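Enquirer:
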Amino acid sequence: MKTSSFFRIGLTALTLTALTLTGVPGRAQMDHGMHSMTSSTAPVSQQMQDMGGLATLSGKAFDRAYLSMMVTHHQRAADMSRAAQGRLKDVQVKAWAAAIIRDQTREINTMNPWLGTLGGTDTRMQGMMASEMKGMTASVKTAKNPDQVFLQGMLLHHASALDMASLALQKSSDARVLKLSRDIIKAQADEMYAFKQWLTK
């Protein structure tokens, strides 16, 4: 699956720190695992640039941009999971796909009203995220091993979500955004660990 620079990031030091701060134990080994799957060694400054300048924003401007990106990010994960459902063979992988659709859709429905109070969707950030995630759904539709390709894609997807959520813990002062970001980190770190265990069994 072809991935843009944003999805070759893996887990940054910022994200690994956030995993510790949010009480997710035993995830340091994921950094090595993710880097074994990807080729990027981009410095943090380049990674932040790849987020479309998200790190340069603050206050409500940050929250609006962050939520706009995360809604699109979640939607693409749900789309990929729906596309994969008819092709997946492993019972556990099918269950993960269903859970991703359920959980990401629930969080989208939570974030959209918040965006309404912040001036609506930041279309530049939304468009940038949509472009970065282009091809995710197509890859699983044509894969010879859809279970493996789906989980590999979700590892990359979740890694970038953790990077964004970790940045939000540093930049946002909105209690709702902070709680959502902590929830994303906890849930997706757990899923990443499980996906990697399945892929290496």
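All residue numbers in the sequence shown are consecutive under UniProt numbering, ending with 201. Every residue, glycine too, gets a C-beta built ideally from N, C-alpha and C. In this text the structure is predicted, and so the values were computed from the model without any measurement.
CB-CB under 8 Å to G153, same chain, minus the five flanking residues each way: which ones, in chain order?
Expert: By 1-based counting over the sequence shown, the position of residue 153 is 153. Only M1, M80, M136, S139 and V140 meet the Cβ criterion.
Enquirer: Cutting at 7 Å between CB atoms, please list the residues of its own chain near Q148, excluding the five before and the five after it.
Expert: As a working mapping, residue 148 is identified with position 148 in the sequence shown. If we look at Q148 and ignore the five residues flanking it on each side, its Cβ neighbours are L199.
Enquirer: Measure the beta-carbon distance from K171 to F62 and round it to whole angstroms, keeping in mind my assumption that it falls under 8 Å.
Expert: For the purposes of this step, residue 171 is taken as the residue at position 171 of the sequence shown. For the purposes of this step, residue 62 is taken as the residue at position 62 of the sequence shown. Sure, about 5 Å apart at Cβ, within 8 Å.
Enquirer: Count the other CB atoms within 10 Å of the CB of G116; is the residue buried (16 or more) or exposed (fewer)?
Expert: In the sequence shown, counting from the first residue as 1, residue 116 sits at position 116. It counts as exposed.
Enquirer: Inspect the beta-carbon positions of L155 and K60 and report whether they are closer than 9 Å.
Expert: As a first step, residue 155 must be located in the sequence shown, where it is residue number 155. As a first step, residue 60 must be located in the sequence shown, where it is residue number 60. No, they are not a contact pair.
Enquirer: For Q127, report the span of its alpha helix (DSSP H) as first-last.
Expert: As a first step, residue 127 is located in the sequence shown; it is residue number 127 there, counting from the start. It should be noted that the sequence gives Gly, not Gln, for residue 127. Its alpha helix (DSSP H) spans residues T123 to E132.
Enquirer: Helix, strand or coil: how does DSSP classify D190 here?
Expert: The residue labelled residue 190 in the question sits at position 190 within the sequence shown. Helix, per DSSP.
Enquirer: Ends of the alpha helix (DSSP H) at G116?
Expert: Against the sequence shown, residue 116 aligns to sequence position 116. First-last of the alpha helix (DSSP H) with G116: V91 to T117.
Enquirer: Does DSSP put G153 in a helix, a strand or coil?
Expert: The residue given as residue 153 occupies position 153 in the sequence shown. DSSP places G153 in helix when its eight states are reduced to three.
Enquirer: Should D190 be labelled buried (16 or more other beta-carbon atoms within 10 Å of its own) or exposed?
Expert: Position 190 of the sequence shown holds residue 190. Answer is exposed; the Cβ neighbour count stays below 16.
Enquirer: Which of the three DSSP states, helix, strand or coil, is assigned to A143?
Expert: In the sequence shown, the residue the question calls residue 143 occupies position 143. In this structure, A143 counts as coil in the three-state DSSP scheme.
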